[in-house]
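**Q** Take any residue in the sequence shown, count from 1 to its spot, add 10: that is its number in this note's numbering.
Even for Gly, the Cβ is constructed at its ideal location relative to N, Cα and C.
Below is a structure I'd like to ask you about.
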Amino acid sequence: EAVRIWTNVIEQHAANPHSYRMVAEMMNERRLFRDAIEIYKKAQVNLREPQLFAFNIADNYLALADYEPALEIYFDQMIINEDHVSRLQRQFLNQDERQLYDTGIVLLEERITSVSPGSREDAIYRDMLVWLNMERGLYQRAFAAARSLAERTDYQHHSLFRTARQLRMRQQFELAEQAFRIYIDREQHVLRPRSFEELSRTYMDWATWVKDQNLDFGGLSDSLYRQAFHAVGQLTREYPAYERLLQTLSLQAELALDYLKDPVEAEYYLERMRNATQSDEDLALAYYVEGRIYMFESDFSLARVSLTRSNRLAERDQTAEKSRFYLGLSDFYQGDFTFSRLQLRSLERFNHSNFANNALQLRYLIQQGYVNGEVHPALQRYSRARFYFDTGNHSDAAIALLPVLSEQPGTPLYEESLLLLIRSIRACHPETAYRLIHQITQQPSLLGTIGETLLWERARLAELVFTIQQSTGTNSLLLPEALGMALDEKGIITVFSEGSIAQISFDEVMVRYEDLLIRFPEGYYSEMARTRIRTLNRSVPGT
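Shown next, in the form of structure tokens:
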């Protein structure tokens, strides 16, 4: 009876598009999607408008999971009006269906073969193909599609540059590096200077990611930082009038602090920034760098002043996020944990921020350091050691943390302190760090998550020491005298002379990774350990 009435409505108002819409929407509400499609198609014929209700028809096919006809219509509309691209992308994101993405990729590749290379249609299809491959996680194919589009448009279309930045955000650093290098190799391209800056940021993010993932084998992070410094240095030399000079100088200053651990070098870039400031945004960036330098020099009062000025001037951009995080970190270094938590909590509200996760981790660490509402001495000790470590004073950081070796699991910040201690000694003398962590991991009480992390660190250190010994025949780093004496006083490890360093064999390295897999076969580091075992087996002949 309902169908009869609906049909009668359309017949009586055949020239009115609203009658078709109303009836089709009633059908959609009752999930009669295929019937609604017929109504929309009847409207196209009766009203002689082939594009009328096109998106509605496609949406209904999508609701029926009939992807191919839906996508054919969407892609047609995308060519008619490029503004429809964003609507189509929203549909993909809302569905989040793997088969839908795969069907779209196949159909676009078919369409590309039927249009003229370099034409408007070719560019639109390839741009959408890049987006689909990126969302699908097919990063190599996304890069290839973007490069193909750039070649067909003589690099005037900037899809490859945008793709490179997206690849960096998704931790596909090698592909991002290749993409930016393509622009750098084209000496007259308008995006060449910007590509230097983005390449430097790619190396920095890559180095940070390597450290965060505990994959810093063979000094990879140091190599990446050097490449970042080289790329941004080449930019300022070749393009002294670069429009983003302030951002570039800021990047150089951050590298000087975070990698070179050289505040004097950072001060040089800051002075150049001061001479080039022209707006409140520029001033915010300069104050941010100034605050970072004061922090590095442990002048936390002046650091707070500079970072607060930066935060006020920047308002809501990335500089504001960075300055707010380092305000919280500065208070943490100084031992003012109440203000630190306030700063970090405000940053956590911006869930789009790159620093929100760092703020969350630091605030959680502070919370662990409170016992019955009071600051535990372990938190004070950890914050001091963390400052030493972040400013490159690894020996002082290790000495500050040595008391944790006399404490029991369950002490506030016990796990974090142990890991920071090992990493501090590792930066001074990897062989000593390996011996110490090997002793620690013999304790039967360390069977939880911290046990897995320590076993992973032990395996990494074993591999690092093996690599150093194979290349130099000895440990290339010296144990600082003060740290050696402190370790000796603890009765833990004696100071090693050059001739007394025990050799680590390849088999010992493999055993360390296998120990981790035996103890934690489904743990967080298990897949990474399996990958390292496969990689090492391929790298050593006869294994």
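Where LEU139 and ARG58 are concerned, what is the direct C-alpha to C-alpha distance, given to the nearest angstrom?
**A** 32 Å
**Q** Return the bridge partner residues of GLU384 from the DSSP annotation.
**A** VAL381
**Q** Evaluate the contact criterion for the region 429-439 versus the region 520-528: three or more CB pairs, one atom per stretch, below 8 Å.
**A** Output reads no: the region 520-528 does not touch the region 429-439.
**Q** What residue does the alpha helix (DSSP H) around ILE543 start on, and which one ends it?
**A** 536-549
**Q** Assign ARG121 to buried or exposed, taking buried as 16 or more other Cβ atoms, counted over all protein chains shown, within 10 Å of its Cβ.
**A** buried
**Q** Got a sec, what are the start and stop residues for the alpha helix (DSSP H) GLN101 sits in?
**A** Segment 94-105, the alpha helix (DSSP H) holding GLN101.
**Q** In this structure, how does DSSP classify TYR249 when only helix, strand and coil are distinguished?
**A** coil
**Q** Could you check the C-alpha separation between LEU159 and ALA217 for me, to the nearest Å?
**A** 30 Å
**Q** By DSSP, does LYS271 sit in helix, in strand, or in coil?
**A** Coil, per DSSP.
**Q** From this set, SER126, ASP406, ILE192, which residue's C-alpha is nearest PHE153's C-alpha?
**A** Relative to PHE153, the option among SER126, ASP406, ILE192 whose CA is nearest is ILE192.
**Q** Count the other CB atoms, across all protein chains shown, that sit within 10 Å of the CB of LYS332; report buried if there are 16 or more and exposed otherwise.
**A** By the 10 Å Cβ count, LYS332 comes out buried.
**Q** Could you check what DSSP says for GLY509 in three-state terms: helix, strand or coil?
**A** Any reading at GLY509 must be qualified, since the residue scores a pLDDT of 41, below 50, and its modelled position is unreliable; no value is offered.
**Q** Assuming THR163 is part of the alpha helix (DSSP H), what are its boundary residues?
**A** That residue, THR163, is in no alpha helix (DSSP H); it is neither H nor E in DSSP.
**Q** Which residue comes first and which comes last in the alpha helix (DSSP H) that contains ALA73?
**A** 64-73
**Q** Taking the C-alpha atoms as reference points, what is the distance between GLY114 and GLU131?
**A** 16 Å
**Q** Could you give the uninterrupted runs of the alpha helix (DSSP H) lying entirely in the region 341-373, keeping only those of 4 residues or more?
**A** 347-358
**Q** Determine the DSSP secondary structure at ALA41, reduced to helix, strand or coil.
**A** Looking at the sequence provided, one finds Arg at residue 41 rather than Ala. Reduced to three states, the DSSP call for ARG41 is coil.
**Q** Leaving out five residues on either side along the sequence, give the residues of the same chain with a beta carbon under 8 Å from the beta carbon of ILE20.
**A** SER29, TYR30, VAL33, ILE49, LYS52
**Q** Counting C-beta neighbours from all protein chains within 10 Å, is the total for SER405 16 or more, i.e. buried, or is it exposed?
**A** buried
**Q** Okay, do the region 86-94 and the region 58-76 touch, 3+ Cβ pairs below 8 Å being the bar?
**A** Contact between the region 86-94 and the region 58-76 is present, with at least three C-beta pairs closer than 8 Å.
**Q** Going by DSSP in three states, GLN453 sits in which element: helix, strand or coil?
**A** Under the three-state reduction of DSSP, GLN453 is assigned to coil, being neither helix nor strand.
**Q** So, does the region 246-266 touch the region 222-229, judging by three or more C-beta pairs under 8 Å?
**A** With the cut-off at 8 Å, the region 246-266 and the region 222-229 do not touch.
**Q** Does any C-beta atom of chain B lie closer than 9 Å to the C-beta of LEU98?
**A** Of the protein chains in this structure there is only one, and it is not chain B.
**Q** In three-state DSSP terms, what is ASP215?
**A** Collapsing the DSSP output to three states places ASP215 in a helix.
**Q** From ARG146, ASN547, ARG180, ASP137, pick the residue whose C-alpha is nearest to that of GLU161; which is it?
**A** ASP137
**Q** May I have the straight-line CA-CA distance separating ALA443 from VAL220, to the nearest angstrom?
**A** 20 Å
**Q** Just verifying my parser: in three-state terms, what is the DSSP assignment at ALA34?
**A** helix
**Q** If you measure between the beta carbons of LEU474 and LEU428, is that distance less than 9 Å?
**A** no
**Q** Does DSSP put HIS167 in a helix, in a strand, or in coil?
**A** The answer is coil: DSSP assigns HIS167 none of H, G, I, E or B.
**Q** Relative to the C-alpha of PRO27, which candidate in ALA12, ARG40, PRO60, ILE15 has its C-alpha closest?
**A** PRO60
**Q** How do the region 315-330 and the region 295-303 stand: do at least 3 beta-carbon pairs fall below 8 Å, yes or no?
**A** Verdict: yes, contact present.
**Q** Among the candidates ILE134, ALA263, GLY383, SER515, whose CA atom is the shortest distance from the CA of ARG284?
**A** ALA263
**Q** Alpha carbon to alpha carbon, what distance is there between PHE399 and ARG302?
**A** ARG302 and PHE399 have their C-alpha atoms some 15 Å from each other.
**Q** Distance, Cα to Cα, ALA369 vs LEU357?
**A** 7 Å
**Q** How many Å lie between SER419 and ASP112 at the Cα?
**A** Checking the displayed sequence, the identity of residue 419 turns out to be Pro instead of Ser. C-alpha separation (whole angstroms): 50 Å.
**Q** PRO440: buried (16+ other C-beta within 10 angstroms of its C-beta) or exposed?
**A** The residue in question, PRO440, is buried, as its Cβ has 16 or more Cβ neighbours within 10 Å.
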